[in-house]
Amino acid sequence: MLVLTAVIALLCAGIAAPQSLCVSQQCDYPDQCENRPNGVSVCVKSPAPTCDGVTCPAGQQCILQQDSCTGLPCNPQPTCVTSSE
């Protein structure tokens, strides 16, 4: 029973270790921490917003529009607007 408990603890520690890497990694906003397969955490730039994957209602299209800034960098955000067609 003791061996089984030790094996479970080791397995759980192995699963939790990659997730805990970013806990100690400090990244400047808007960069975000990413765990790499080699066991290293690195800061990477957040991708700029796009209209990819945005579904707008009929008669509207997605455009990148700057309404307000919530942080830096101040990227335009995907917004559904009425089509000019």
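Residues -18 to -1, 1 to 67, numbered by mature numbering (1 follows the signal peptide of the UniProt record, and there is no 0), are exactly what the sequence shown covers, in order. Glycine included, each C-beta is placed from N, C-alpha and C at the ideal position.
- Give the range of the beta strand (DSSP E) segment to which Thr61 is assigned. Gln59 to Thr64
- Message: Taking a contact to mean a Cβ-Cβ separation below 8 angstroms, would you say Asn57 touches Pro39 in this structure?
- Response: no
- For Cys62 versus Cys44, is the C-beta spacing smaller than 8 angstroms? yes
- Query: Are the Cβ atoms of Asn20 and Leu3 separated by less than 8 angstroms?
  - Reply: no
- Message: If you reduce the DSSP assignment to three classes, tell me which class Ser6 lands in.
- Response: helix
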